[in-house]
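Chemist: Here it is, the structure, as structure tokens.
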Amino acid sequence: MNLHRPLFFFLLTFSAALHAAPSLDLSAAQQRALGIETAPAGSFAATGSRLPARVVVPPAQMRVLAAPVAGRVDMLAVVPGEAVRRGQALARLSSPQALELRRDVQQSAAQAALWRQNLQRDEQLFAEGLIAESRLLETRATASQAIAQHDERRRSLELAGGDHGNLGGKPGDPLSLVAPIDGVVLAQEAQLGQRVEAAAPIYRVARLSPLWLEIQAPLNLAATLRPGMSLTVFVPSLQGKLVAVGRSVDPLSQGVLVRGEVAAGTELLTPGQVVEVQIDSHADQGILVPAPAIIRHEGKPLVFVVGDQPGRFVARPVTILSRGGGAARIEGVEAGEQIVIKGASSLKAMLDSPGGM
0 MNLHRPLFFF LLTFSAALHA APSLDLSAAQ QRALGIETAP AGSFAATGSR
50 LPARVVVPPA QMRVLAAPVA GRVDMLAVVP GEAVRRGQAL ARLSSPQALE
100 LRRDVQQSAA QAALWRQNLQ RDEQLFAEGL IAESRLLETR ATASQAIAQH
150 DERRRSLELA GGDHGNLGGK PGDPLSLVAP IDGVVLAQEA QLGQRVEAAA
200 PIYRVARLSP LWLEIQAPLN LAATLRPGMS LTVFVPSLQG KLVAVGRSVD
250 PLSQGVLVRG EVAAGTELLT PGQVVEVQID SHADQGILVP APAIIRHEGK
300 PLVFVVGDQP GRFVARPVTI LSRGGGAARI EGVEAGEQIV IKGASSLKAM
350 LDSPGGM
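Note that numbering that gives the first Met the number 0 numbers the sequence shown so that position 76 is 75, with each residue one more than the last.
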């Protein structure tokens, strides 16, 4: 048994050598010729991972104040950028159709009031036994029709513009158009004195908190993203989160539309503005390194780590967690370890060549 012990240790040592990480020894002159540069792992500033994003208003927070009927714009009370309150009069419109609607409301109101009185009278007469039940039922049906017609015309006038002041206004008064929500005026679409058709936009009003960020993310980065992940906005400095990741790829840019949301500090953003954002799908994992630092050898990702001897570079297997924007987040190296960030492809060529190990 003692005769087999030296052979056992020889085989163990030989097996360890076979599985040892490949390494290269280079002189200083060779390193300069190959353009080798090193840096501590984790010190890479991921400026290249910043992506452009456009600030947009969520559709649910946008309203268009439109002309309900054809007419002439007689008054515009606000300008773009001004804050408004729900129910605030923003414009007035002179319209023959609006006059007809107001006239119809007043006529139906008078008819409804008359038939309410008739119904009250007939109910009293029926209770005293002075009229037949059929007459009471006929009066009740006619009163119901008159009241329903008045409600219908009143709602039509409200939809045509407005506030309850319109209902009691004079027949010749302009129609007031009021703000549908609390918000900010984004755009003025009509001019004073302009004649507009029904449904023509006059103002665009929006609530500006929260706001969305539309981001075109590279396909390989988008594959790692999920709603709820955090993002950073640069200039101004704000924090947000992802709310949606698109499922289609733009045929020209080969990017995926990713939507972020910013809830705090939205007063520093303007709809339509272009900002830079950074999305880190593994912010609490791995080490961020430049993408060129990673090479593939025999189908496996590696980085070159500076060895314990001068001029020695050890190929270290790593696991790629995410890629995007010229950077990658990996596992397999420790923060602060010196890695090759330029010239890794030249070292790979030496590694692949016969006798490179």
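Glycine included, every Cβ here is placed at the ideal spot set by N, Cα and C. Just so we're clear, the structure is a prediction, and the values are computed from it rather than from any experiment.
If L220 and S321 are in contact, beta carbons under 8 Å, what's the gap, nearest whole angstrom?
Modeler: Position 221 of the sequence shown, counted from the first residue, corresponds to residue 220. Position 322 of the sequence shown, counted from the first residue, corresponds to residue 321. The Cβ separation is near 7 Å, so the contact holds.
Chemist: Could you check whether R49 and Q277 sit closer than 7 Å to each other, using their CB atoms as the reference points?
Modeler: Position 278 of the sequence shown holds residue 277. Position 50 of the sequence shown holds residue 49. Using a Cβ distance threshold of 7 Å, Q277 and R49 count as a contacting pair.
Chemist: Thinking just about the alpha-carbon of each residue, which of E122, A111 and P173 is nearest to the one in S143?
Modeler: By one-based count along the sequence shown, residue 143 stands at place 144. Closest by alpha carbon: A111.
Chemist: In whole angstroms, what separates the C-alpha of P291 from that of A348?
Modeler: Walking along the sequence shown from the start, residue 291 turns up at place 292. Walking along the sequence shown from the start, residue 348 turns up at place 349. If you take the alpha carbons of P291 and A348, they lie about 14 Å apart.
Chemist: Mind pulling the alpha helix (DSSP H) runs of 4 or more residues that sit fully within the stretch 99-175?
Modeler: 132-158
Chemist: Identify whether Q277 lies in helix, strand or coil by the three-state DSSP scheme.
Modeler: As a first step, residue 277 must be located in the sequence shown, where it is residue number 278. The answer is strand: DSSP assigns Q277 an E or B state.
Chemist: Mind checking which residues open and close the alpha helix (DSSP H) that includes A32?
Modeler: To locate residue 32, count along the sequence shown from 1; it is residue 33. Counting along the chain, the alpha helix (DSSP H) containing A32 begins and ends at A27 to L33.
Chemist: Between V288, Q215, A189 and E151, which has its C-alpha nearest V63's C-alpha?
Modeler: Residue 63 sits at position 64 when you count from the first residue of the sequence shown. Here the closest residue by C-alpha is A189.
Chemist: Is the beta carbon of F312 closer than 7 Å to that of L346?
Modeler: Position 347 of the sequence shown, counted from the start, is the residue given in the question as residue 346. Position 313 of the sequence shown, counted from the start, is the residue given in the question as residue 312. In this structure, F312 lies closer than 7 Å to L346 by Cβ.
Chemist: Can you give me the C-alpha to C-alpha distance between S252 and V54, rounded to a whole angstrom?
Modeler: Sequence index remark: in the sequence shown, residue 252 carries index 253 (1-based). Sequence index remark: in the sequence shown, residue 54 carries index 55 (1-based). Taking the Cα positions, S252 is about 19 Å away from V54.
Chemist: Who are the near neighbours of P316 in its chain, counting only those whose CB is closer than 8 Å to its CB and skipping five residues on each side?
Modeler: Within the sequence shown, residue 316 is the residue found at index 317, counting from 1. Contacts found: A20, K299, P300, L301 and G331.
Chemist: Using beta-carbon positions only, say whether A40 and A334 come within less than 7 Å of one another.
Modeler: On the sequence shown, position 41 is the one that residue 40 refers to. On the sequence shown, position 335 is the one that residue 334 refers to. Yes, Cβ-Cβ distance for A40 and A334 is below 7 Å.
Chemist: Assign E196 to one of three DSSP states: helix, strand, or coil.
Modeler: To locate residue 196, count along the sequence shown from 1; it is residue 197. Residue state, collapsed to three classes: coil.
Chemist: Please report the residue range of the beta strand (DSSP E) in which D249 lies.
Modeler: By one-based count along the sequence shown, residue 249 stands at place 250. No beta strand (DSSP E) contains D249, which DSSP labels as neither H nor E.
Chemist: Between the alpha carbons of F125 and T141, how many angstroms are there, rounded?
Modeler: The sequence position of residue 125 within the sequence shown is 126, counting from 1. The sequence position of residue 141 within the sequence shown is 142, counting from 1. If you draw a straight line from the Cα of F125 to the Cα of T141, it is about 16 Å long.
Chemist: If you run the structure through DSSP and keep just helix, strand and coil, what is A88?
Modeler: As a first step, residue 88 is located in the sequence shown; it is residue number 89 there, counting from the start. A88 falls in the strand class under three-state DSSP.
Chemist: Rounded to whole angstroms, what is the Cα-Cα separation between L210 and A262?
Modeler: Here residue 210 refers to the residue found at position 211 of the sequence shown. Here residue 262 refers to the residue found at position 263 of the sequence shown. Going from the Cα of L210 to the Cα of A262 covers about 7 Å.
Chemist: How many Å lie between L156 and A198 at the Cα?
Modeler: Within the sequence shown, the letter at position 157 stands for residue 156. Within the sequence shown, the letter at position 199 stands for residue 198. Going by the C-alpha atoms only, they are around 15 Å apart.
Chemist: Taking 7 Å as the cut-off, decide whether the C-beta atoms of D103 and R71 are in contact.
Modeler: Counting from one through the sequence shown, the residue named residue 103 turns up at place 104. Counting from one through the sequence shown, the residue named residue 71 turns up at place 72. Cβ distance not < 7 Å, so D103 and R71 don't count as in contact.
Chemist: Return the CA-CA distance between L89 and A76, expressed in angstroms with no decimal places.
Modeler: Here the question's residue 89 lines up with position 90 in the sequence shown. Here the question's residue 76 lines up with position 77 in the sequence shown. One C-alpha to the other measures close to 5 Å.
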